[in-house]
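Student: Sharing a structure below in structure tokens format, with a few things to ask.
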Amino acid sequence: MNDPAVRILAVVERIPRGKVTTYGAVAARAGLPRRARLVGRVLSDLPAGSTVPWHRVVAAGGRIAFPQGAMARQEQIERLGREGVVASTGRVNLRLHGWQSPPEDLDRWLWEIGDEN
DNA sequence: CAAATGACGGGGT
DNA sequence: AACCCCGCCATTT
């Protein structure tokens, strides 16, 4: 599907439990560089019962995007804590939980590496 | 059409 | 850490 929203959600759904990534990274991974804000907008439109792991997406540097006092902020911190990701300080350690998305096409990836050697 | 508004990003103070 | 500013982009005023 060429729909940007669909591609964005496809990326978010692949973030494994206990891992997190940033809005900008999701956008880039979805083939939409410089569209971090679009990622936020798409996630904000998720229906109530959605199973999409939106809580695994944080702002640059591991910051929780929601402001102090926002219900969603506590919700996100709670969900992350439930999967072993400490976010109680309003920020997660990307060095520990940052998700390194694997190349979508492993064969082509291997080819490119081989091309450099 | 100009200005304001965001689940953003990066830099500077 | 807490702000402020500006760049960026899609939507809404």
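In my numbering, the protein residues as written are 308 to 424.
We treat Cβ as the ideally placed atom computed from N, Cα and C, and that holds for glycine.
(1) Answer yes or no: do Val318 and Ala343 have a C-beta to C-beta separation smaller than 7 Å?
(2) With distances taken between CB atoms, is the gap from Leu339 to Pro360 smaller than 7 Å?
(3) Tell me whether Gly405 sits in a helix, a strand or coil according to DSSP, three-state version.
(4) If you count every other CB in all the chains shown that lies within 10 Å of the CB of Gln375, and 16 or more means buried, which is it?
(5) Look at the alpha carbon of Arg386 and the alpha carbon of Asn309, and state the distance between them as a whole number of angstroms.
(6) Is the number of C-beta pairs between the stretch 345-360 and the stretch 399-406 that are closer than 8 Å three or more?
(7) Looking only at its own chain, which residues have a Cβ that is under 7 Å from the Cβ of Glu390, when we skip the five neighbours before and after it?
(8) Report back the beta-carbon spacing between Val327 and Ile315 to the nearest angstrom; my notes put them in contact at under 8 Å.
(9) Val346 and Val364 look like a contact to me (Cβ under 8 Å); what is the Cβ gap, rounded to whole Å?
Tutor: Quick look at the numbers:
(1) With contacts defined by Cβ atoms closer than 7 Å, Val318 and Ala343 do not form a contacting pair.
(2) Contact: no.
(3) It is a strand residue.
(4) Answer is exposed; the Cβ neighbour count stays below 16.
(5) Looking at the two C-alpha atoms, the distance is approximately 30 Å.
(6) Between the stretch 345-360 and the stretch 399-406, the count of C-beta pairs closer than 8 Å stays below three; the two stretches do not touch.
(7) Counting only Cβ-Cβ distances below 7 Å, and skipping sequence neighbours, we find Arg324, Gly325.
(8) Going by Cβ atoms, the distance from Val327 to Ile315 rounds to 16 Å, so no, they are not a contact pair.
(9) Yes, they are in contact, since the Cβ atoms of Val346 and Val364 sit about 7 Å apart, within 8 Å.
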